[in-house]
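*Asks:* Respectively, the protein sequence lines represent chains A, B and C. In this text, residue positions in the first sequence follow the working numbering: the first is 1, and each later residue adds one. In this text, residue positions in the second sequence follow the working numbering: the first is 167, and each later residue adds one. In this text, residue positions in the third sequence follow the working numbering: the first is 601, and each later residue adds one. Glycine included, every Cβ here is placed at the ideal spot set by N, Cα and C. Got a structure for you, questions after.
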Amino acid sequence: MKPAELAIRIGDHFPDAFLAREEVTVLVGRDELIDVLLRLRDQPDLSFGFLSSVTATDHPGKDPRFWVVYELRSVAHAHRLRVKVGLPDDDPHVPSVTPLFPTADWHERETWDLFGIVFDGHPDLDRILLPDDWEGHPLRKDEELGGVGTQYHGAFIPPVDERTMP
Amino acid sequence: MATGQEMGAARDELQGVPRQIRDRVTGEVRRETMIINMGPQHPSTHGVLRLLLELDGETVIRCKPIVGYLHTGIEKNTEYRTWVQGVAYVTRADYLSPFFNELAYCLAVERLLGIEAPPRAQVLRVLLCELNRIASHLVWVATGGMELGAVSVMLYGFRERELILDIFEAVTGLRMNHSYIRPGGVIMDLPPGGTQMIAKFLDTMPARIDDYERLLNKNPIWVERNVGVGKLSAEDALALGVTGPILRSAGVPIDLRKDEPYSGYETYDFDVPVRTEADAYARYVIRIAEMRESLKIVEQALERLTEPGPVMVEDPKVGWPVKLSVGPDGIGNDEGYLRHIMEESMEALIHHFKMVTQGVRVPEGEVYQAVESPRGELGMYVVSANEHRPYRVHIRDPSFANLQAVPTMVEGGLIADAVAVIASLDPVLGGVDR
Amino acid sequence: MPVERFEGHFTGRTPEEVEDEVKKGVMLTTLDRAVSWARKQSMWPATFGLACCAIEMMSAGAGRYDLSRWGMELFRASPRQADLMIVAGRVSQKMAPVLRRVYDQMVEPKWVVSMGVCASAGGMFTNYAIVQGVDTIVPVDIYVPGCPPKPEMLMFGILKLHEKVRTTGTIR
């Protein structure tokens, strides 16, 4: 299905769907996430049975602060869909989709590791990319980039996130 | 001396029976298992992959892959750099297929900008990506062969790869991690003599691929170690998010170059090899066949490069301001342009300064762009907040999802097969950990 | 005192170095030189390829840029059997203890070549995840810059290391 047609078809079932840059995005609340994904998977004209990736973006100061993004693809029809779930700052919990898509296992672990978003019902929510005793969630916007400054011939260049000049 | 069949039967028998020991104190009979650690520094794990294996004799009962030993923070770094500098970061994620990382990122940025690269740039992108695919498969066959004991394949694979890296060096200036594909096109055109160099490569390569097939296809050790090893059915593969040659070895003909074409792939004539046995040998056959198909695409792309044209988009707010070409010292330069900005025009100097230090400002939005890399679906999820730098870049790496299939494929088999399985998966830990 | 020269071999020593050697005595200097020559002549690297630089290291060991000209094509997987650790690639915080452990498991005499800018100084990744230079963890003898360094650059670094080993006296 072409994106425009898909947008109309999705829009019939889900009110918060929009089409931008040839991609269809659906916004859902976290309580209805599993139902929505099941419906998207089981409806024969949609059949979104392949989960490409689970990730998140952080918008501090806005509400919702975190958006968890699921990229779905249909094997039968070769079209894509994005499902986004908004999470507040003080309660970053979202149900895990590993019962539906086993591939979400490591993707959700990575999102927990880098953002601190807790996936309820995940079989083994541990750090995956960072050492087990690491503190903090680096990809949040309020965490620093880290790194050291460079000193060379009397000039000092601070680490990347402290530089004023580009 | 036992025949191969008898040995095979004895092995089958042993696999079913766990070794039993009687506890000397309590007298109960229990199974003895051993937990060993493979990696992260290991000659056969294709990079810094760590496998925790629970073994019963030689049979693997449980396997847990542990990754993260190469986590580089690429995604966080891109949020502090301009859009063009992001190319230099992203290209080092999956370091065996740098052009694919760059291509996915630049296609995503171009979609956010709402522009398209000029036709010649698209042809150059396809040409270099397909050469990169051949180079990546050569490293796979070289290291995979070496891990299974076929050490001479290592030397042959790297010998052919050097031919391709010569082409890369002539075109982009670098052998690896090129930063050649930029948002808006590519940074340089082919050098004089470039097409002849690629044509000469196209003449020599098919015979070399025949050599690989003659060396490995019917080699009894290669066949014995790969046939029937690491089976992964189509449903398991799709549930685990596996893409690329592993999925195609299970009979699922998904190739993003055909299903969701980008960069003009729908105009090229090539096949997608698919097998049904779903074992390591099928993946080997598919990768060798993919090398041949890539040669076909390179030939077609070369024919389209006869007409000159721009390689970077002309929009002054987007395109790189200078038309570089690789000089005799191997550094990209443009003498006339330097004279223009330094001596002739102040506006050009200011514009050049702004474009190089700040770069393009990309309108707000988010885009997910997927390309077919040698390992599967390589996706970039790029979010922009109308600034000179990305807001979020997430790399959906194929090896990250493919490695989740390792426990399914390894458990129940011999530990030596674990090496063959990981070799057939072709993971690149740079992409897994980013 | 006559200075020893091998036939057709440029010794390249300064008069001060000759003076030093004379003080040590002729017997020990010959043994010293012989041992240093033997050590550099077939130095076995340990496999510590991490990222992109590892591929260039493999290319250096392969057919075109042949490390086996200096007896180094044998990359030993076991650190006990290796003399040289070429840290090829970016060292993440999770990998740093492993690096130190492998270095500790190597037997004296051992040398370290830091290949690439990521191993030498953190490279382009000045961030939370990468150790900003492996010389914060292990003592480094030779730094080879590049991203990644061409195999010829790595060979130049290794030859400099050979020179260092050959001219460093170890027997007192």
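Where R772/C and L631/C are concerned, what is the direct C-alpha to C-alpha distance, given to the nearest angstrom?
*Replies:* Low per-residue confidence applies at R772/C: pLDDT is 44, beneath 50, and the placement is therefore not dependable, though the value from the model is reported in the following sentence. Whole-angstrom Cα-Cα distance: 11 Å.
*Asks:* Comparing C-alpha positions only, which one of E456/B, S302/B and L304/B sits nearest to V440/B?
*Replies:* E456/B
*Asks:* If I measure Cβ to Cβ from A274/B and keep anything under 6 Å in the same chain, skipping five residues before and after, which residues do I get?
*Replies:* Once the five neighbours on either side are set aside, the close Cβ partners of A274/B are V533, Q535, M546 and V548.
*Asks:* Should P60/A and D142/A be called a contact, given that it needs their Cβ atoms to be closer than 8 Å?
*Replies:* yes
*Asks:* Please identify, using Cβ separations under 7 Å, the residues of the segment 213-239 of chain B that lie next to chain C, in order along the chain.
*Replies:* V214, G234, Y235, L236, H237, T238 and G239
*Asks:* Under 7 Å, CB to CB, which of the residues in the segment 685-700 of chain C have a partner in chain A?
*Replies:* Q693 and K694
*Asks:* Check for me: the beta strand (DSSP E) holding F48/A runs from which residue to which?
*Replies:* Note, F48/A: premise wrong, no beta strand (DSSP E); not H, not E.
*Asks:* Quick one: any contact between the segment 551-571 of chain B and the segment 402-419 of chain B, if contact means 3 or more CB pairs under 8 Å?
*Replies:* yes
*Asks:* In or out: Q732/C buried (at least 16 other Cβ within 10 Å) or exposed?
*Replies:* buried
*Asks:* Quick one: measure Cβ to Cβ for M342/B and C652/C, integer angstroms, because I've assumed they're closer than 8 Å.
*Replies:* Going by Cβ atoms, the distance from M342/B to C652/C rounds to 6 Å, so yes, they are a contact pair.
*Asks:* The segment 108-141 of chain A: which residues have C-beta closer than 9 Å to a C-beta of chain C, in chain order?
*Replies:* Within the segment 108-141 of chain A, the qualifying residues are L129, L130, P131, D132, W134, G136 and P138.
*Asks:* Does the CB of G11/A have a neighbour CB from chain C at under 8 Å?
*Replies:* Nearest CB-CB separation between G11/A and chain C: not below the 8 Å threshold.
*Asks:* If you draw a straight line from the alpha carbon of A589/B to that of S415/B, how long is it in whole angstroms?
*Replies:* Between A589/B and S415/B, the alpha-carbon positions lie close to 14 Å from each other.
*Asks:* Output needed for F606/C: all residues of its chain with C-beta closer than 6 Å, excluding positions within five of it in sequence on either side, in chain order.
*Replies:* Residue confidence is low: F606/C scores 46 on pLDDT, short of 50, so the model does not pin down where it sits. Its coordinate-derived value is still stated next. Closer than 6 Å at the Cβ level, and outside the excluded window around F606/C, lies no residue.
*Asks:* Which full runs of the alpha helix (DSSP H) of 4+ residues lie inside the segment 467-512 of chain B, going along the chain?
*Replies:* 501-505
*Asks:* Kindly list the residues whose CB is nearer than 6 Å to the CB of V488/B, restricted to its own chain and excluding five residues on each side of it in sequence; keep chain order.
*Replies:* Apart from sequence neighbours up to five positions away, the residues of its chain that approach V488/B with a beta-carbon distance below 6 Å are D500 and Y503, ordered along the chain.
*Asks:* Rounded C-beta distance between W637/C and L674/C? I'm assuming under 8 Å.
*Replies:* A Cβ-Cβ separation of about 19 Å leaves W637/C out of contact with L674/C under the 8 Å criterion.
*Asks:* Less than 8 Å between the CB atoms is what I'm expecting for V395/B and D583/B, so what's the real figure, rounded?
*Replies:* 5 Å
*Asks:* Any Cβ of chain B within less than 8 Å of the Cβ of K760/C?
*Replies:* no
*Asks:* Quick check on DSSP: helix, strand or coil for K84/A?
*Replies:* strand
*Asks:* At which residues does the beta strand (DSSP E) containing C229/B begin and terminate?
*Replies:* T225 to I232
*Asks:* So, for R228/B: in the same chain, excluding its five sequence neighbours on each side, which residues have a beta-carbon less than 7 Å away from its beta-carbon?
*Replies:* E220 and E577
*Asks:* Tell me the rounded alpha-carbon separation between Q705/C and L72/A.
*Replies:* 47 Å
*Asks:* What would DSSP say about I353/B, mapped onto helix, strand or coil?
*Replies:* coil
*Asks:* Distance, Cα to Cα, G136/A vs G116/A?
*Replies:* 8 Å
*Asks:* In three-state terms, what does DSSP make of V548/B?
*Replies:* strand
*Asks:* Using DSSP with H/G/I as helix, E/B as strand and the rest coil, what is H153/A?
*Replies:* Secondary structure at H153/A: coil, using DSSP grouped into helix, strand and coil.
*Asks:* Which chain B residues are close to E71/A, counting only those with a beta carbon under 8 Å from its beta carbon?
*Replies:* Within 8 Å of the CB of E71/A, the CB atoms of chain B belong to Y534, G545, Y547 and R562, in sequence order along the chain.
*Asks:* Would a C-beta distance cut-off of 8 Å place V250/B and R348/B closer than the cut-off?
*Replies:* Contact check for V250/B against R348/B passes: the beta carbons are separated by less than 8 Å.
*Asks:* Report, in whole angstroms, the separation of the C-beta atoms of V241/B and I463/B, which I expect to be a contact under 8 Å.
*Replies:* Reading off the sequence shown, one finds Glu at residue 241/B, where the question assumed Val. Actually they do not touch by this definition, with Cβ atoms about 31 Å apart.
*Asks:* Taking C-alpha atoms, which residue in D435/B, M320/B, N392/B and E432/B lies nearest to V451/B?
*Replies:* Residue N392/B is the option with its Cα nearest to V451/B.
*Asks:* For H77/A, which residues from the same chain have a beta carbon less than 8 Å from its beta carbon, with the 5 sequence-adjacent residues on both sides left out?
*Replies:* M1, D45, L46 and S47
*Asks:* Could you list which residues in chain F have their beta carbon closer than 8 Å to that of Y557/B, in chain order?
*Replies:* Going by chain labels, chain F is absent from the structure shown, which instead holds the protein chains A, B and C.
*Asks:* When DSSP labels each residue in this structure, what does R348/B get in the three-state scheme?
*Replies:* strand
*Asks:* Residues of chain C with CB under 8 Å from G125/B, in chain order?
*Replies:* The shown model of chain B, from 167 to 600, leaves out residue 125/B, and the question about it has no answer.
*Asks:* Looking at chain B, is there any beta carbon in it that lies within less than 8 Å of the beta carbon of L27/A?
*Replies:* no
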